[in-house]
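Numbering (our numbering), first residue to last: -4 to 243. Glycine included, every Cβ here is placed at the ideal spot set by N, Cα and C. Okay, structure first, notes after.
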Amino acid sequence: MELEEDHLSCLPKIILHCILSKLSEKDGARTSVLSKAWLVTWYTFPILYFHSNQIIGMSPPPMEDSVRKRKILEFGNYVKRRMLMFRDQSLPIKEFKIDLNGFVPKYMSKDVDIWLKLACECGVEEALDLVALQVSSSPPRIKHLVINYVPLKEYLFSSHVIILLASCCPATISFSCAKAFIKFFYETLMRKKKNDCFCSSDDTKCWWHDLKDVKVTSTMKIDENVDFKTPLWNRWKLVYKFLYLKKV
-4 MELEEDHLSC
6 LPKIILHCIL
16 SKLSEKDGAR
26 TSVLSKAWLV
36 TWYTFPILYF
46 HSNQIIGMSP
56 PPMEDSVRKR
66 KILEFGNYVK
76 RRMLMFRDQS
86 LPIKEFKIDL
96 NGFVPKYMSK
106 DVDIWLKLAC
116 ECGVEEALDL
126 VALQVSSSPP
136 RIKHLVINYV
146 PLKEYLFSSH
156 VIILLASCCP
166 ATISFSCAKA
176 FIKFFYETLM
186 RKKKNDCFCS
196 SDDTKCWWHD
206 LKDVKVTSTM
216 KIDENVDFKT
226 PLWNRWKLVY
236 KFLYLKKV
């Protein structure tokens, strides 16, 4: 009887994916109980959207910092487990979006890096997005940010960099990536004017103010390590017209 009523399981996965793409997350979760095939499809659907409300709630009551931190870390672990499942089963990810409900706590910068790494390993194809980046305080300062993974699609480079640099303010950025990404990052720096930055308000300082060095280790025309040195114009601003190319 159960098999006869489970008509959804007879549909091709491509049709199930098409249906899921038109449903809200809430409706998709409700519908997943109707069919074993639908439930499997729900967990392997290549469009991933995570919202911190899944753990913390839509309008969470006031809570102690320790409780809030525990819930946020639970959310981070939930996202990582889902993405590890995709990576370990060699499942593709077409879109990866995450909404942290307006904040990126300083203890989540490593989680953000892991999420992006896993998304890149799963070949994210169409969208890479961290929603609601308006933060109430500056991201934590760190000495060194190493970028080891970038999306295969060049049009996702900008989103990848924005997400990483919304979670921390590094003094040094280094990476060993594809030549296309090196060119993109170099051109991004060169396009900036000395008074440009990415601060969302006067109360917070973005990564632009702390960045001193950008180091690249890659195979270019010949095997060589290069260092993009960016001297300070004054205490805060960087002038990229004085950008140097230097062997390490």
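Neighbour-count burial assignment, residue i, 16 or more Cβ in a 10 Å radius
i, result
"P146", "buried"
"P41", "buried"
"P87", "exposed"
"L43", "buried"
"L79", "exposed"
"V156", "buried"
"S47", "buried"
"D22", "exposed"
"P165", "buried"
Cβ-based neighbour list, residue i, same chain, cut-off 6 Å, excluding 5 preceding and 5 following
i, result
"L128", "Per-residue confidence for L128 stands at a pLDDT of 44, beneath the threshold of 50, marking its modelled position as unreliable; the derived number appears in the next sentence. Only A161 meet the Cβ criterion."
"K207", "A166"
Secondary structure of residue i, DSSP reduced to three states
i, result
"S169", "strand"
"I88", "coil"
"C117", "coil"
"D208", "strand"
"F40", "coil"
"C13", "helix"
"C163", "coil"
Within 7 Å, strictly: CB atoms of residue i and residue j
i, j, result
"K210", "S169", "yes"
"I142", "C163", "no"
"T36", "L11", "yes"
"V119", "F91", "yes"
"Y144", "C117", "no"
"H139", "T167", "yes"
"I14", "F45", "no"
Cβ-based neighbour list, residue i, same chain, cut-off 7 Å, excluding 5 preceding and 5 following
i, result
"D218", "Bear in mind that the predicted position of D218 carries a pLDDT of just 38, short of 50, making it unreliable; the figure below should be weighed with that in mind. Within the same chain, D218 has no close Cβ partners at all."
"A175", "E149"
Bridge partners - residue i, DSSP secondary structure assignment
i, result
"V141", "S169"
Same chain, Cβ closer than 8 Å to residue i, neighbours up to 5 away in sequence not counted
i, result
"K75", "D106, I109, W110 and L113"
"Q84", "T39"
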